[in-house]
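Residue numbers (the numbering used here), protein chains in the order written: chain E, 5 to 213; chain C, 5 to 213.
Just so you know, even glycine gets a beta-carbon here, dropped at the ideal spot from N, CA and C.
These figures come from a predicted structure and were not determined experimentally.
Below: one structure, written as structure tokens.
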DNA sequence: CTAAAATCTGAATTAACATTCGTATAATAT
DNA sequence: ATATTATACGAATGTTAATTCAGATTTTAG
């Protein structure tokens, strides 16, 4: 069934073109300020054609977000399970996330921007899917923390709170990088993030020997 | 001029009623999903009256955000300058921010939600004002870090990066509290935040005595 | 008490867009 | 080569909601 397969491939390619165009536009202008007409123009299809691939504007938006997040999460999952040592897992998590955002700056701009849609969306179903994905991501990070505690690599604190703290630090660095494109790469920040997360910012009172 | 003064006071009171109503609606539905008609109803004025107080919907929205942020920043400023010891300053900063958000959950919901408007807003001027306020807030926090370094209370790292890390941790805890209203108070998290920020999550390898 | 000024009101206007659908074009099958 | 089906097209439609403005109401001043 080579025939059907090529047809299918071409369908997917066109669908993907639309998603890419939508991503660029949504990322720079947000959901409400992006029109279907603009997406049509950017993707070089007619407006009507978009509706052959997606039920409506919301469907297009959420599909884009969900597919992209799927990529991020699975890539983090891979990079974390690769290591046995908990601190290596933490490092893998930080680096994977930073390099994902570095490679997808546009997408992250929208992820920050429209994060609120998680809550007050017209379309309950999609919002719920996003919420679930996010929560299971937190779970994954908390699991890493738990292993770290068991391996005595991390302090015996609430694993979930540790996860929040780490993700907060990462997001904050990413956010800075997004709104104020620095000279260096984002990934290079993994060292300082790792250090701050593990050892903190407080000066250690040295004992006299 | 008692007369003029009362008029002025009443004007301000009405203006403030509108801002409060707008805050409630924007906070629960976001900018685009809130209509002027709804704000009129909620504030018990006619639609046309709203335009006597604010040029248009955007003006109303940004005015609300800017005034609220002004409150937050000035209250943090007060609480930080009150202490001489850097670590006390840090603690004051964390507590003030947490209790502000605890008391203004609705507002913070929108602040997270529409943060993106900072970037791609129709109204350049307001967006610029918001950006400036945010940046000078970062500066304020970085200043605290710098003092901490000078007082040898904090490690000699990049003060700005330390500021990002602390704000990231705080925001992350607040975000969790927003999307998943916990049992305890938000302010009670200041202890664990302080601890994670200063001492980190990594287990300290104890030397045998 | 009355006129002028200020303020309020919400129906009407207008602009922006998401979505539809009849037509045109291309692909496939016979 | 022709018919049939699938896909693409974008002008027209309908809806939603911001903004305006002419008249009603209230407040102020003399």
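Residue pairing by DSSP puts residue 158 of chain E in a beta bridge opposite C:206. Judged by beta-carbon spacing, residue 189 of chain E lies beyond the 8 angstroms limit of residue 101 of chain E, meaning their Cβ atoms are not closer than that value.
The Cβ of residue 80 of chain E sits no closer than 8 angstroms to any Cβ of chain C. Collapsing the DSSP output to three states places residue 131 of chain C in a helix. Between residue 204 of chain C and residue 80 of chain C, the alpha-carbon positions lie close to 24 angstroms from each other. No Cβ of chain C is located within less than 8 angstroms of the beta carbon of residue 104 of chain E. In the structure shown, residue 111 of chain E falls within a helical segment according to DSSP collapsed to helix, strand and coil. Under the 8 angstroms criterion on CB atoms, residue 95 of chain E is classed as non-interfacial with respect to chain C. Contact annotation for residue 43 of chain E against chain C: no contact, minimum CB-CB distance about 16 angstroms [criterion: below 8 angstroms].
Our two residues, residue 173 of chain E and residue 173 of chain C, have alpha carbons roughly 6 angstroms apart in a direct line.
Taken through DSSP and simplified to helix, strand or coil, residue 186 of chain E comes out as coil. If the five residues before and after residue 75 of chain E are omitted, its C-beta is found closer than 8 angstroms to the C-beta atoms of 104, all from its own chain and listed in chain order. Interface residue (Cβ-Cβ distance to chain C less than 8 angstroms): residue 40 of chain E is not classified as such.
Residues of chain C whose Cβ lies closer than 9 angstroms to the Cβ of residue 87 of chain E do not exist, since the nearest Cβ in that chain is about 16 angstroms away. For the 8 angstroms CB-CB criterion, residue 160 of chain E and residue 153 of chain E form a contact. Of the other Cβ atoms in all chains shown, fewer than 16 fall within 10 Å of the Cβ of residue 184 of chain C; this residue is therefore exposed. Annotation: Cβ neighbours of residue 175 of chain C in chain E (cutoff 8 angstroms, chain order): 172, 175 and 176. Of the other Cβ atoms in all chains shown, 16 or more fall within 10 Å of the Cβ of residue 182 of chain C; this residue is therefore buried. Just measuring C-alpha positions, the residue of E:59, E:63 and E:36 sitting nearest residue 133 of chain E is E:63.
Judged by beta-carbon spacing, residue 163 of chain C lies within the 8 angstroms limit of residue 150 of chain C, meaning their Cβ atoms are closer than that value.
Inter-segment contact for the segment 26 to 40 of chain E and the segment 81 to 97 of chain E is absent: fewer than three beta-carbon pairs are separated by less than 8 angstroms.
Across the structure, residue 59 of chain E and residue 51 of chain C are spaced so that their CA atoms are roughly 35 angstroms apart. When Cβ-Cβ separations below 8 angstroms define contact, residue 16 of chain E makes no contact with chain C. By the neighbour-count criterion, in which a residue is buried when 16 or more other Cβ atoms sit within 10 angstroms of its Cβ, residue 195 of chain E is exposed. Listed along chain E are 168, each with a C-beta nearer than 7 angstroms to that of residue 180 of chain C. Secondary structure at residue 199 of chain C: helix, using DSSP grouped into helix, strand and coil.
At a cut-off of 4 residues, the continuous stretches assigned as alpha helix (DSSP H) that sit fully inside the segment 29 to 106 of chain C are 40 to 47, 51 to 57 and 61 to 85. Distance between residue 94 of chain E and residue 108 of chain E, taken at the CA atoms: about 21 angstroms. For the 8 angstroms CB-CB criterion, residue 90 of chain C and residue 148 of chain C form a contact. Ranking E:28, E:138 and E:198 by CA distance to the CA of residue 70 of chain E puts E:138 first. Taking 8 angstroms as the cut-off, the beta carbon of residue 97 of chain C is found no closer than this to the beta carbon of residue 207 of chain E. Taking C-beta atoms as the reference points, residue 46 of chain C and residue 28 of chain C count as a pair closer than 8 angstroms.
A residue is called buried once 16 or more other Cβ atoms fall within 10 Å of its Cβ, and residue 167 of chain E is buried on that count.
Going by C-alpha positions, residue 43 of chain E is about 13 angstroms away from residue 68 of chain E. Using a Cβ distance threshold of 8 angstroms, residue 40 of chain E and residue 61 of chain E count as a contacting pair.
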